[in-house]
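Report on one structure; see the data block that follows.
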Amino acid sequence: MEDKILDLIAKMYEDLSTKMSTISTDVKDMSFKIDKLEVRMDRMDSKMDKIESRMDKIDSRMDKIDSRMDKIDSRMDSIEKKLDNKADKADLLRLEYKLEENSKALFDGYKQVYEKLTVLEEKVVKQDVEIRVIKSAGI
Numbered sequence: 112m113e114d115k116i117l118d119l120i121a122k123m124y125e126d127l128s129t130k131m132s133t134i135s136t137d138v139k140d141m142s143f144k145i146d147k148l149e150v151r152m153d154r155m156d157s158k159m160d161k162i163e164s165r166m167d168k169i170d171s172r173m174d175k176i177d178s179r180m181d182k183i184d185s186r187m188d189s190i191e192k193k194l195d196n197k198a199d200k201a202d203l204l205r206l207e208y209k210l211e212e213n214s215k216a217l218f219d220g221y222k223q224v225y226e227k228l229t230v231l232e233e234k235v236v237k238q239d240v241e242i243r244v245i246k247s248a249g250i
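Going from the sequence shown to this note's numbering is simple: count from 1 and add 111.
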């Protein structure tokens, strides 16, 4: 009877040892996966910082464009006042041509900035989705 009890205890010890070994391996695997996820999160943080930096640059450029537009408006007001006093048809044609060139250049600049902003917004949305996927993975 004692032999049976000792055999049972030995078998239970062996089973527990096997299960503990498996749990230990699983914990190591989880730890490795968590480390990999932390590295990926660090990379994503770095990318987000770069995106924020680019957005700041775009904001700065937009402010410069706004400033230039304000200057153009004030110059146009000044020109209109002068034209009221002195303008003839040749002066008006020359000014219209110059204004058209300036507005085309400004519109092209605005369009380029808008396109870059759209691309950055798409990247931010993609990053948000990736973050949600990682968070939903239980980390």
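Glycine is no exception: its CB is placed at the ideal position from the N, C-alpha and C atoms.
None of the values given here were measured: they were computed from a predicted structure.
Quick one: Cα of residue 208 to Cα of residue 189, how far?
In a straight line, the C-alpha of residue 208 is about 17 angstroms away from that of residue 189.
Whose C-alpha, out of 238, 244, 243, is nearest the C-alpha of residue 158?
It is 238 whose Cα lies nearest to the Cα of residue 158.
In the DSSP assignment, find the unbroken alpha helix (DSSP H) run with residue 239 in it and report its ends.
Per DSSP, residue 239 belongs to the alpha helix (DSSP H) from 200-247.
Would the beta-carbon of residue 155 fall within 9 angstroms of that of residue 242?
Judged by beta-carbon spacing, residue 242 lies within the 9 angstroms limit of residue 155, meaning their Cβ atoms are closer than that value.
Validate contact between the region 215-224 and the region 196-206 using beta carbons, cut 8 angstroms, 3 pairs
They do not touch, by the three-pair rule.
Secondary structure, beta strand (DSSP E): runs of 3+ residues fully inside the region 140-177:
If we require 3 residues or more, the region 140-177 turns out to have no beta strand (DSSP E) run fully inside it.
Contact set for residue 211: own chain, Cβ-Cβ below 8 angstroms, skip 5 residues either direction
There are no such residues.
When the distance is taken between beta carbons, is residue 169 closer than 9 angstroms to residue 217?
At least 9 angstroms separates the beta-carbon of residue 217 from that of residue 169.
What's the C-alpha gap between residue 219 and residue 142?
Inter-residue distance for residue 219 and residue 142 is about 52 angstroms (C-alpha atoms, whole angstroms).
Please state the DSSP three-state secondary structure of residue 123.
Reduced to three states, the DSSP call for residue 123 is helix.
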